Amino acid sequence: MIVNTHDEELIKKFLFKLYCCSEEKDWKISHGFMALQYLLYRNFSSPKLLNKMKPYSSEIVEFISKYYKNDWRKNIISIEIENQINKLIYADTPISFFKFLEIISIKNKNVLQAQAYNKNYFDSITKNIELTKGLTNNKKKINYTKDELKDIYLNKLKIDSNMWQSINDLCDRRNKNPLCHASCDAFSNKQDISISILNDINEINNLVDDIIKLYI
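The numbering of the sequence shown is our numbering, which starts it at 596 and goes up by one.
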């Protein structure tokens with residue numbers, strides 16, 4: 596990677612090339628990948644590159660702005676429960692990072708990988724709820740089986756049965772993903788698995804919003 600060379604002249608040429616590709620509307624997926632790698636190394640501290648990238652990767656740039664350049668927690672948690680924010684153990688559960696990787700994977704049309712990161716995102720939210728509610732002192736385990744989720748949500752939190760059924764069904768479907776579970780059943784469905792997985796991801800994200808409002 597060019598940024599690793601610490602050669603300022605080479606880096607300037609690299610950035611100039613990206614700027615030109617953006618202005619000339621010759622931006623390709625590879626340019627987006629290179630720009631993102633550079634931004635990751637520089638802690639997203641290049642407003643000009645973000646601006647040049649925005650017309651071609653608006654969702655990623657918007658996410659960086661909301662969740663890295665600003666207080667990302669306020670974009671996840673509703674205003675009425677903002678006073679609860681400090682109860683969350685964010686340092687031990689990298690929620691924003693998993694969400695970021697999910698969006699990148701969707702942008703790159705890697706839906707299986709996106710679903711795997713979405714699982715990590717949901718499990719991180721679950722860990723925060725466990726810690727906040729005093730259901731556990733274990734800060735290291737941030738990965739749950741369906742039975743463990745059932746114990747947390749249905750038995751301990753007494754979640755609505757319909758909401759649990761949604762979580763249960765989503766667990767069954769994502770366990771068909773070989774990146775989430777030792778299974779290749781996802782490929783046995785003749786329908787477009789990308790549409791199905793993206794629908795599941797959206798459903799999980801909506802569930803997270805509801806769960807946060809209820810338990811945080």
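C-beta atoms are modelled at their ideal positions from N, C-alpha and C, and glycine is treated no differently. Quick caveat, the model's predicted, so the values are computed rather than measured.
Proximal residues to residue i (C-beta, below 6 Å), its chain only, five neighbours per side dropped
{"i": "F639", "result": "I659 and Y663"}
{"i": "S783", "result": "With a pLDDT of 48 at S783, under the threshold of 50, the modelled position of that residue is not reliable, and the figure given next carries that caveat. Around S783: no qualifying Cβ."}
{"i": "V701", "result": "It should be pointed out that residue 701 corresponds to Ile in this sequence rather than to Val. Correct list, in chain order: A709."}
{"i": "N738", "result": "D718"}
{"i": "K785", "result": "At K785, the pLDDT of 44 sits below 50, so the modelled position is not reliable; the number obtained from the coordinates is stated separately. Cβ neighbours of K785 beyond the five flanking positions: none."}
{"i": "M758", "result": "none"}
{"i": "K694", "result": "Y716"}
{"i": "K741", "result": "C766"}
{"i": "N647", "result": "It should be pointed out that residue 647 corresponds to Lys in this sequence rather than to Asn. Hits under 6 Å: Y614 and S617."}
{"i": "S652", "result": "G627"}
Contact set for residue i: own chain, Cβ-Cβ below 7 Å, skip 5 residues either direction
{"i": "L610", "result": "L644"}
{"i": "L696", "result": "Y712"}
{"i": "R769", "result": "Q710, K714, C775 and D795"}
{"i": "Q760", "result": "none"}
{"i": "I754", "result": "Y748"}
{"i": "K607", "result": "none"}
Extent of the continuous alpha helix (DSSP H) to which residue i belongs
{"i": "N800", "result": "I788 to Y810"}
{"i": "K714", "result": "V706 to T727"}
{"i": "N757", "result": "S756 to R769"}
{"i": "K694", "result": "I690 to K702"}
{"i": "L744", "result": "K741 to K745"}
Whole-Å CB distance - residue i paired with residue j, under 8 Å assumed
{"i": "F717", "j": "V803", "result": "6 Å"}
{"i": "L613", "j": "H626", "result": "6 Å"}
{"i": "I720", "j": "I806", "result": "7 Å"}
{"i": "K751", "j": "L765", "result": "Wrong, their Cβ atoms sit about 19 Å apart, outside the cutoff."}
{"i": "P642", "j": "S617", "result": "At roughly 14 Å, the Cβ-Cβ gap does not stay under 8 Å, so P642 and S617 are not in contact."}
Residue i vs residue j beta-carbon contact at 8 Å
{"i": "I792", "j": "V656", "result": "no"}
{"i": "K824", "j": "Y636", "result": "Because the chain spans 596 through 811 in this model, residue 824 falls outside it and cannot be assessed."}
{"i": "L744", "j": "I724", "result": "no"}
Beta-carbon contacts of residue i that lie in its chain and below 8 Å, excluding the five residues immediately before and after
{"i": "I699", "result": "L631 and I655"}
{"i": "K623", "result": "C616"}
{"i": "E798", "result": "S761 and L765"}
{"i": "S789", "result": "K704 and V706"}
Subject >> Entirely enclosed beta strand (DSSP E) segments - the stretch 618 to 672, minimum 3 residues >> reply: none
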